[in-house]
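Participant: FYI, the numbering for the sequence shown is -10 to 151, going by the numbering used here.
Got a structure here, written out as structure tokens. Questions coming.
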Amino acid sequence: MTARFVREARRSDAARIAEIYNQGIADRIATFETESRDAGKIVQWFASGYPVFVAGAGEQVMAYAAAFPYRSRPCYDGVREFSIYVAREGRGKGFGRAALCALIEDARQRGWWKLVSRIFPENVASLGLCDALGFRRVGIYEKHGKLDGSWRDVVIVEKLLV
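Have a look at this one:
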């Protein structure tokens, strides 16, 4: 059996993270984004100090979880918006869970008090993962944005860390 790993992402992971994110763009159930990312865009996350964790097997990254500032106002410094993406060939194998758990623990250690995200209702895998890890479904933003010319709703999730 190939050894599994979970760790902080490295700049050398940027191309693989971009590849995984681009799969999410192509699948049309994970993001409103439609333009592919390259490694240079991901490296900016590291330069900005955003926490990014990866999980995988052998030498291959299969999932990543990252947290970004929620709002610029100081009163929201302890709230972060997170993303979780899993490579097609790694879905349903626990890689996403491992990466998100590492991100949650890191957020707690940083003293952040909440993680939030918005997930397409059709993305049952992400919603199921969040449910399993104790995220609360806060509600639905109706017609939150358009993707390929169609309005899409999103489910708001949050996890209190304190």
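Ideal Cβ placement from N, Cα and C applies to all residues, glycine included.
1) With a cut-off of 8 Å on the beta carbons, I'd call Arg69 and Phe84 a contact; round off their distance for me.
2) So, are the CB atoms of Leu92 and Ala54 less than 7 Å apart?
3) Starting from Ile31, follow the alpha helix (DSSP H) in both directions and report where the run begins and ends.
4) So, using beta-carbon positions, are Arg(-7) and Ala46 closer together than 7 Å?
5) Roughly how many angstroms lie between the CA atoms of Pro40 and Leu118, to the nearest whole one?
6) Taking just the CA atoms, how far does Arg77 sit from Gln12?
7) Compare the C-alpha of Tyr79 against each of Glu8, Arg126, Gly138, Val144 and name the closest.
8) What would DSSP say about Ile18, mapped onto helix, strand or coil?
Facilitator: Inspection of the coordinates gives the following:
1) What you label residue 69 is simply residue 80 of the sequence shown in a count that begins at 1. What you label residue 84 is simply residue 95 of the sequence shown in a count that begins at 1. Contact flag wrong, Cβ pair sits at about 21 Å.
2) Here residue 92 refers to the residue found at position 103 when the sequence shown is read from its first residue. Here residue 54 refers to the residue found at position 65 when the sequence shown is read from its first residue. Their beta carbons are under 7 Å apart, which means Leu92 touches Ala54 by this criterion.
3) In the sequence shown, residue 31 corresponds to position 42, counting from 1. Element bounds for Ile31: 28 to 36.
4) The sequence position of residue -7 within the sequence shown is 4, counting from 1. The sequence position of residue 46 within the sequence shown is 57, counting from 1. The answer is yes: Cβ separation under 7 Å.
5) Here residue 40 refers to the residue found at position 51 when the sequence shown is read from its first residue. Here residue 118 refers to the residue found at position 129 when the sequence shown is read from its first residue. Each residue's Cα considered, the two are about 20 Å apart.
6) The count along the sequence shown starts at 1 and reaches residue 12 at position 23. The count along the sequence shown starts at 1 and reaches residue 77 at position 88. So the two alpha carbons sit approximately 7 Å from each other.
7) Sequence index remark: in the sequence shown, residue 79 carries index 90 (1-based). Residue identity check: residue 79 is Gly in the sequence provided, not Tyr. Checking every option, the nearest Cα to that of Gly79 belongs to Glu8.
8) Taking the first residue of the sequence shown as 1, we reach residue 18 at position 29. In this structure, Ile18 counts as coil in the three-state DSSP scheme.
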